[in-house]
Structures are given as C-alpha cells and as structure tokens.
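With positions in the sequence shown counted from 1, the corresponding number in this note's numbering is that position plus 6. Backbone N, C-alpha and C fix where the C-beta goes; we use that ideal spot for every residue, glycine too. Step one of this worksheet: look at the structure below.
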Amino acid sequence: MVFVTLASTSCKIAQLSNKRFSSNFIHFQASQLLPVLKGRFSLVPRSQTNLRVLSQSYCSSNLPYEQEETTVQYRNGVPVVNVMLPSRDERCLFTLRPLTDTVGTFLAMVKDEDGGVEHISVYRKDGAKISKATTIDMLLHDDFDLIINSRKFSVTPPKLDIQRDEEETWLR
C-alpha cells in the first residue's frame with residue numbers, strides 16, 4: 007500500500023475496481039489518475055505511458071475507514087476477540103476477562119502485540135467514543151467499532167441469554 011502526504015492530509019492510494027467514489031470525494035477515472043500522479047507526485051515513471059492503473063487516490067479530512075470483520079466468541083465462559091493486526095496482516099486472538107479487564111487494557115494488549123499500531127480506539131455505533139475505563143463486560147453488551155490506524159472493525163458480540171443463566175443458578 008502506498009501513502010502520500012500533501013499539506014498534512016494523508017492521501018491513501020486505494021484499490022480501484024472501475025467504480026467512482028460517492029459525491030463526497032474527488033471523482034476521476036483511472037485514465038485521469040495517471041497524469042495526476044505523473045505530474046504532481048512522480049510516483050509513476052514518466053517513461054511508462056502504457057501503464058495500467060490499479061489504484062485511485064483520494065484525500066479528505068473524513069477519510070472512510072476500510073471495513074474489516076472482527077469476531078467475538080465465548081470460550082470457556084470468557085470472551086475471545088479475533089482481530090486482524092495491521093502490520094502483519096494476520097489474525098490474533100485476545101482473551102479478555104469481562105469483569106476485571108477494561109477497554110484500556112484491551113487496547114494496550116493490541117498495541118503490545120503489534121508495534122505498527124499508532125492509533126487505536128473504540129466507538130459505539132452512534133459515533134460516541136467509549137472510555138478506556140469501561141469494563142469489557144459492559145463493552146460486549148452492544149455492537150461497537152474498533153478503529154486501528156485507518157481500519158475500522160465492526161464488532162457484533164454474541165448475545166448471551168443472561169436471564170436464562172441466572173434462572174438456572176437460582177434453581178440449583
């Protein structure tokens with residue numbers, strides 16, 4: 007992946023699948039991209055006029071995040087979060103203790119595992135940031151987004167039937 011910085015705004019070179027971005031972004035087709043890159047950034051050698059362009063550049067302060075899947079499963083009664091690490095592009099399992107671990111400890115675990123993590127945060131689906139002091143138990147009650155660098159991982163924790171578990175305990 008190639009990154010270009012222009013006037014303190016990161017411009018990401020994203021894969022192009024012969025589609026245009028929505029009206030919020032700069033519209034241009036692959037044939038228009040090559041002259042822009044040749045003239046301004048010198049990323050494409052000027053001698054290559056017959057180059058097939060496979061990417062499209064866009065800049066915005068509201069860059070969309072790449073959507074990725076992160077899963078949560080319960081194993082032996084504790085949640086295990088499966089996250090794609092950005093530096094190695096491999097999945098890693100994080101076993102969390104729901105009552106004693108917090109969002110902050112989870113984020114620290116991810117940072118410790120992958121040194122390429124520069125920014126990591128957790129947001130509710132309505133866009134509110136979740137505090138690092140929030141327990142994992144509370145975090146897993148609702149869907150949330152885990153943002154690592156420029157990747158957005160939508161997380162839908164499995165719903166536990168807590169009422170049923172309490173009734174079973176009461177009957178014993």
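- Exposure of proline 164 is indicated by the presence of fewer than 16 other C-beta atoms within 10 angstroms of its C-beta.
- Between the C-alpha atoms of glutamate 96 and methionine 144 there is a straight-line separation of about 27 angstroms.
- As summarised for the stretch 95-160, the continuous alpha helix (DSSP H) elements at least 4 residues long and confined to that stretch are 109-119, 142-145, given in chain order.
- With contacts defined as CB atoms closer than 8 angstroms, threonine 108 and phenylalanine 159 fail to qualify as a contacting pair.
- Aspartate 149 sits exposed, since fewer than 16 C-beta atoms from the chains shown fall within 10 Å of its C-beta.
- Secondary structure of threonine 76 (DSSP, three-state): strand.
- A residue is called buried once 16 or more other Cβ atoms fall within 10 Å of its Cβ, and aspartate 120 is buried on that count.
- Counting the other Cβ atoms within 10 Å of the Cβ of leucine 152 gives 16 or more, which makes it buried.
- Using a Cβ distance threshold of 8 angstroms, threonine 101 and valine 78 do not count as a contacting pair.
- Contact between proline 104 and threonine 141 is confirmed by a C-beta separation of about 7 angstroms, below the 8 angstroms threshold.
- The DSSP-derived three-state label of leucine 91 is strand.
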